[in-house]
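K.L.:
Structure incoming, see below.
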Amino acid sequence: MKRIIGAVPDNMLKDIHLKLTALPNLFRDKVGEECSWSTPTFYRELRHVTTISNAEREKIMDVLDEVFNEVWDYCGRYRRPRR
């Protein structure tokens, strides 16, 4: 069996799981930064969806794309190069 690529942590499953479990906090922090919200404001906005402006909606989707791309790129260390 071929080794996947480069130096990777010994426990791939643990590494990916830790990255995925950190995802909600990373998303919350980046949305808070982009929308100038504190953590309590973020959670208040979760309960009151109708108060989010169109600009905030766009920022939230931009952050979502960014966070997913970061995780995708991070996990690239475990993918075999495509031929």
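Residue 65 in UniProt numbering sits at position 65 of the sequence shown, and the numbers go up by one each step.
We put the beta carbon where it would ideally sit given N, CA and C, even for glycine.
The structure presented is a predicted model; accordingly, all values stated were derived computationally and were not measured.
Which value, in whole angstroms, describes the spacing of the CA atoms of Asp29 and Val63?
P.N.:
Residue numbering aside, residue 29 sits at position 29 when the sequence shown is read from its first letter. Residue numbering aside, residue 63 sits at position 63 when the sequence shown is read from its first letter. Cα to Cα, the separation comes out at about 10 Å.
K.L.:
How big is the Cα-Cα spacing for Glu33 and Glu56?
P.N.:
Start at 1 with the first residue of the sequence shown, and residue 33 comes out as number 33. Start at 1 with the first residue of the sequence shown, and residue 56 comes out as number 56. Answer to the nearest angstrom: the Cα atoms are 11 Å apart.
K.L.:
Kindly indicate which three-state DSSP category Glu56 falls into: helix, strand or coil?
P.N.:
As a position in the sequence shown, residue 56 is number 56, starting the count at 1. Looking at Glu56 - three-state DSSP - the assignment turns out to be helix.
K.L.:
Considering only their Cβ atoms, is the gap separating Tyr78 from Lys19 smaller than 7 Å?
P.N.:
Working through the sequence shown from its first residue, we reach residue 19 at position 19. Working through the sequence shown from its first residue, we reach residue 78 at position 78. Contact flag unset, no.
K.L.:
Short check: CB of Val67 to CB of Phe27, under 7 Å?
P.N.:
Sequence index remark: in the sequence shown, residue 67 carries index 67 (1-based). Sequence index remark: in the sequence shown, residue 27 carries index 27 (1-based). Their beta carbons are under 7 Å apart, which means Val67 touches Phe27 by this criterion.
K.L.:
Tell me which same chain residues have a C-beta within less than 7 Å of the C-beta of His17, skipping the five on either side of it?
P.N.:
For the purposes of this step, residue 17 is taken as residue 17 along the sequence shown, with counting starting at 1. Excluding residues within five positions, none has a Cβ falling inside 7 Å.
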